[in-house]
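Counting from 1, position 469 in the sequence shown corresponds to residue 469 in this note's numbering; the numbering is continuous, with no gaps. Backbone N, C-alpha and C define an ideal beta-carbon position, used for all residues, glycine too. Right, one structure below, let's go through it.
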Amino acid sequence: MCGIVGYIGHKKAYPILVKGLQRLEYRGYDSAGVALISDGGHLNVYKAKGKVADLEAYCEDKDTTGCAGIAHTRWATHGEPSSTNAHPHYSASGRLALIHNGIIENYLTLKEKLISFGIPFKSVTDTEVLVQLIEHVMLSNSLTLLEAVQVALHQVIGAYAIAILDREHPDGIVCARQSSPLVVGLGADGDFYLASDASPIAEYTDTVAYLNDGDIAVLQLGQELKVVNIDNEAQHPKVKQIDVTLGQLEKGGYPFFMLKEIFEQPACLRDCMRGRINVDADRITLSAVIDYRECLVSARRIVIVACGTSWHAGLIGKQLIESLCRIPVEVEYASEFRYRDPVIYPDDVVIAISQSGETADTLAAIELARQAGAFVFGVCNAIGASIPRQTQTGVYIHVGPEIGVASTKAFTGQVTVLSMLALCIAHERGTIRDDQYREMVRELTLIPAKMEEALLRNEQIERLAPIFTYARNCLYLGRGYNYPVALEGALKLKEISYIHAEGYPAAEMKHGPIALIDSEMPVFVIATRDHLYDKVISNIQEVRARGGRITAIVTEGDTQIQKFADHIIVLPDTFECFQPLIASIPLQLLAYHIAVCKGKDVDRPRNLAKSVTVE
Ligand code: M6R
Numbered sequence: 001m002c003g004i005v006g007y008i009g010h011k012k013a014y015p016i017l018v019k020g021l022q023r024l025e026y027r028g029y030d031s032a033g034v035a036l037i038s039d040g041g042h043l044n045v046y047k048a049k050g051k052v053a054d055l056e057a058y059c060e061d062k063d064t065t066g067c068a069g070i071a072h073t074r075w076a077t078h079g080e081p082s083s084t085n086a087h088p089h090y091s092a093s094g095r096l097a098l099i100h101n102g103i104i105e106n107y108l109t110l111k112e113k114l115i116s117f118g119i120p121f122k123s124v125t126d127t128e129v130l131v132q133l134i135e136h137v138m139l140s141n142s143l144t145l146l147e148a149v150q151v152a153l154h155q156v157i158g159a160y161a162i163a164i165l166d167r168e169h170p171d172g173i174v175c176a177r178q179s180s181p182l183v184v185g186l187g188a189d190g191d192f193y194l195a196s197d198a199s200p201i202a203e204y205t206d207t208v209a210y211l212n213d214g215d216i217a218v219l220q221l222g223q224e225l226k227v228v229n230i231d232n233e234a235q236h237p238k239v240k241q242i243d244v245t246l247g248q249l250e251k252g253g254y255p256f257f258m259l260k261e262i263f264e265q266p267a268c269l270r271d272c273m274r275g276r277i278n279v280d281a282d283r284i285t286l287s288a289v290i291d292y293r294e295c296l297v298s299a300r301r302i303v304i305v306a307c308g309t310s311w312h313a314g315l316i317g318k319q320l321i322e323s324l325c326r327i328p329v330e331v332e333y334a335s336e337f338r339y340r341d342p343v344i345y346p347d348d349v350v351i352a353i354s355q356s357g358e359t360a361d362t363l364a365a366i367e368l369a370r371q372a373g374a375f376v377f378g379v380c381n382a383i384g385a386s387i388p389r390q391t392q393t394g395v396y397i398h399v400g401p402e403i404g405v406a407s408t409k410a411f412t413g414q415v416t417v418l419s420m421l422a423l424c425i426a427h428e429r430g431t432i433r434d435d436q437y438r439e440m441v442r443e444l445t446l447i448p449a450k451m452e453e454a455l456l457r458n459e460q461i462e463r464l465a466p467i468f469t470y471a472r473n474c475l476y477l478g479r480g481y482n483y484p485v486a487l488e489g490a491l492k493l494k495e496i497s498y499i500h501a502e503g504y505p506a507a508e509m510k511h512g513p514i515a516l517i518d519s520e521m522p523v524f525v526i527a528t529r530d531h532l533y534d535k536v537i538s539n540i541q542e543v544r545a546r547g548g549r550i551t552a553i554v555t556e557g558d559t560q561i562q563k564f565a566d567h568i569i570v571l572p573d574t575f576e577c578f579q580p581l582i583a584s585i586p587l588q589l590l591a592y593h594i595a596v597c598k599g600k601d602v603d604r605p606r607n608l609a610k611s612v613t614v615e
């Protein structure tokens, strides 16, 4: 969604803010803006439609002096992308400037009230209502900015992370959070940094405070960080050390973050398993399973809630847990689960999967599960995000910051964590033989090396990609563990190349989608060697018989499928349940190269945002 950056200190704010916006651009990128209190004491607001580079161009001849500023990159919710609707928004008198991430649900009611007081509005955003409300409350009651924010937020319904500059108090920023992330960086020299996530802060300080819902923070130069709630009670957010290297935030010679992140996967999975699988590669230790053994081992049912790619990882998790642990698993779209009045038992375990840890629907599903008394377990990548803080326990996937909007390494990290979790629970429940457990743990440790082999197919896939750029529709087929791989492959293609694609269980195709198949329709089949291999060959023949163009992902040594397929991509063999970790790689690469051939902005596909913090 939108990205927030702020700085107040002794350095020039503008370059820090612009660099921060560039790091956050993956969150939203239809317009951007910056507010600065200049050396001359003016509150300057500059905004531009488009990317951060457009804002920079716009600011070239502007006064960008000043050591206090806030900046924003927007993903439009209320009002089209335009410089008027972009943030920051001025208050009516021009004294305040405010940036906002989230949605103010009662903004129309508040706006009508403010208009009746004669307050003018320039934009159609919900955000402008906030800044006008705060200034109205402040001026009509002679309050400080902090007091006015507290009074105003009492009237607000919705989700927000906000930051406000006050021209009359150039040495402070007031910010607040409710259901939308906000991190404060504490610089060694008393400077404060502010951002929606730690990535813009990491190069300046490793000491951060993650604000909690309801927190209002005052970043006052020369003073300690002050955090209160809307009733002015002191709050104490945890101060943590973050461990994000600059290299993780940059492209490292790759043309796009997505390609870098695809190639990082072997290293990421080693990181994910490090310290959890012992050096003899025969035992997994997850502290969450040790600490909450009883809840997990005696679960009557497991419900997985997630969205998008994380939901696909959940479908693989279901198969792993059901087959290894013999616990029934349901996989739910968080957005459906939260509004469906689902049956949740107190002895259910709800696993919430999210790369960002900030997805609004997944957070709401967690809240619902908690209220019903279920035990809630998080699988998350972003350290310190809302989901790990709102779940009883969980496992980080530890794959490092994922910047490309299309999720790649987070997906394989999630599947790896779910594999380790399923193996741990199965071992504790005694639903897996000891020798089988050891064999599987060992095989899991071999996956990164097998991924490296799969990545050697990159050049072949790059050569194939131009063939598919003409396509208007593509079909992805798989069965068993490879069905979610087909769904994920289709999602990747849709997201970044804008070619319509469907993932389908291969056998289900004949119940409808087969009608679509003709010689114009590329069909990607994941046909690795598993217990459904012969069945998948039959499905391939069904496609072939209707003139479909088949590209098959096969296991090394396969001699059958090349007889029926137009193209084959050969992958190393592994256990059936770990096949998604390998088979996803060529599909990620295929989507990437097709999108590049079509000249698309792979890291910032249109209309999407990395972290969907609104429902
Ligand atoms: O951060 P989350 O894992 O909760 O995000 C869920 C989805 O928004 C996300 O996976 C989305 O589908 C990605 N763009 C997929 O590439």
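Worksheet item: Does the beta carbon of residue 261 fall short of 7 Å from some heavy atom of the ligand M6R?
Response: Because no heavy atom of the ligand M6R lies under 7 Å away, the Cβ of residue 261 does not count as near it: no.
Worksheet item: Quick one: is residue 470 buried, meaning 16 or more other Cβ sit within 10 Å of its Cβ, or exposed?
Response: Burial call: exposed.
Worksheet item: What span of residues does the alpha helix (DSSP H) with residue 16 cover, start to end?
Response: It spans 13-24 - the alpha helix (DSSP H) in which residue 16 sits, taken as one unbroken run.
Worksheet item: With C-beta atoms as the reference, is residue 568 less than 8 Å away from residue 554?
Response: Yes. Within cutoff.
Worksheet item: In three-state terms, what does DSSP make of residue 441?
Response: It is helical.
Item to complete: Jot down the residue ranges of each uninterrupted beta strand (DSSP E) in the region 384-412, minimum 3 residues, whole runs only, in chain order.
Response: For the region 384-412, the full-length beta strand (DSSP E) segments reaching 3 residues or more read 393-396 along the chain.
Discussion item. Is it buried or exposed, residue 436, if we count other Cβ atoms within 10 angstroms and call 16 or more buried?
Written reply: Residue environment: residue 436 is assigned as exposed (fewer than 16 neighbouring CB atoms within 10 Å of its CB, all protein chains considered).
Worksheet item: With DSSP run on the structure shown, which of helix, strand or coil describes residue 257?
Response: Collapsing the DSSP output to three states places residue 257 in a helix.
Worksheet item: Since residue 380 sits in a beta bridge, which residues does DSSP pair it with?
Response: Per DSSP, 354, 396.
Worksheet item: So what's residue 307 in DSSP terms, helix, strand or just coil?
Response: Coil, per DSSP.
Worksheet entry | Complete alpha helix (DSSP H) runs within the region 443-476 (minimum length 4 residues, chain order) | The region 443-476 contains these whole alpha helix (DSSP H) runs: 458-468.
Discussion item. Can you tell me where the beta strand (DSSP E) holding residue 552 begins and where it ends?
Written reply: It spans 549-555 - the beta strand (DSSP E) in which residue 552 sits, taken as one unbroken run.
Fill in: Distance cut 5 Å, beta-carbon to the ligand M6R heavy atom: residue list by chain order
Here the list is 307, 308, 309, 310, 354, 355, 356, 359, 406, 407, 612.
Item to complete: Write down the C-beta distance between residue 353 and residue 314 rounded to the nearest angstrom, noting that I regard them as a contact closer than 8 Å.
Response: A Cβ-Cβ separation of about 5 Å places residue 353 in contact with residue 314 under the 8 Å criterion.
Discussion item. For residue 349, tell me which candidate among 394, 340, 386 has the shortest Cα-Cα distance.
Written reply: Distances from the CA of residue 349 to each of 394, 340, 386 were compared; the closest alpha carbon is that of 394.
Worksheet item: Could one say the Cβ of residue 70 lies closer than 8 Å to chain D's Cβ atoms, at least one of them?
Response: Of the protein chains in this structure there is only one, and it is not chain D.
Practice prompt. Compare the beta carbon distance of residue 548 and residue 517 with 8 Å and say whether it is the shorter of the two.
Written response: For residue 548 and residue 517, yes; Cβs fall inside 8 Å.
Discussion item. Please return the same chain residues whose Cβ sits closer than 7 Å to the Cβ of residue 168, not counting the five positions on each side in sequence.
Written reply: Excluding five sequence positions before and after residue 168, the CB atoms of its chain that fall closer than 7 Å to its own CB belong to 95, given in chain order.
Worksheet item: Of all the options 77, 275, 3, 150, which has the alpha carbon lying nearest to the alpha carbon of residue 123?
Response: The residue with the shortest Cα to Cα distance from residue 123 is 77.
Practice prompt. Just the C-alpha distance for residue 47 and residue 386, rounded to the nearest angstrom, thanks.
Written response: Here the alpha carbon of residue 47 sits roughly 30 Å from the alpha carbon of residue 386.
Fill in: Nearest-angstrom beta carbon gap, residue 75 and residue 406 [assumed within contact, 8 Å]
With a beta-carbon spacing of about 16 Å, residue 406 and residue 75 fall beyond the 8 Å limit used to define contacts.
Item to complete: With DSSP collapsed to three states, give me the class of residue 52.
Response: Helix at residue 52.
Worksheet item: Name the DSSP beta bridge partners of residue 165, please?
Response: Paired residue(s): 97, 173.
Worksheet item: Is the beta carbon of residue 507 less than 8 Å from the beta carbon of residue 546?
Response: Taking 8 Å as the cut-off, the beta carbon of residue 507 is found no closer than this to the beta carbon of residue 546.
Practice prompt. Give the single residue among 19, 388, 114 whose Cα lies nearest to the Cα of residue 126.
Written response: The candidate whose alpha carbon is nearest that of residue 126 is 114.
Fill in: Close Cβ partners of residue 300 (< 7 Å) along its chain, the five nearest in sequence each way excluded
If you ignore the 5 residues before and after residue 300, its C-beta comes within less than 7 Å of the C-beta of 345, 347, 348, all in its own chain and listed in chain order.
Fill in: Rounded straight-line distance, which links the Cα of residue 398 to that of residue 620
Residue 620 is absent from the structure shown; the chain starts at 1 and stops at 615.
Worksheet item: DSSP three-state call for residue 240: helix, strand or coil?
Response: Here residue 240 sits in strand by DSSP.
Item to complete: Give me whichever residues DSSP pairs with residue 570 in a beta bridge.
Response: Within the DSSP bridge table, the entry for residue 570 names 554 as partners.
Discussion item. Does residue 522 come out as helix, strand or coil in the three-state DSSP assignment?
Written reply: It is a strand residue.
Worksheet item: Is residue 429 helix, strand or coil when you go by DSSP?
Response: Here residue 429 sits in helix by DSSP.
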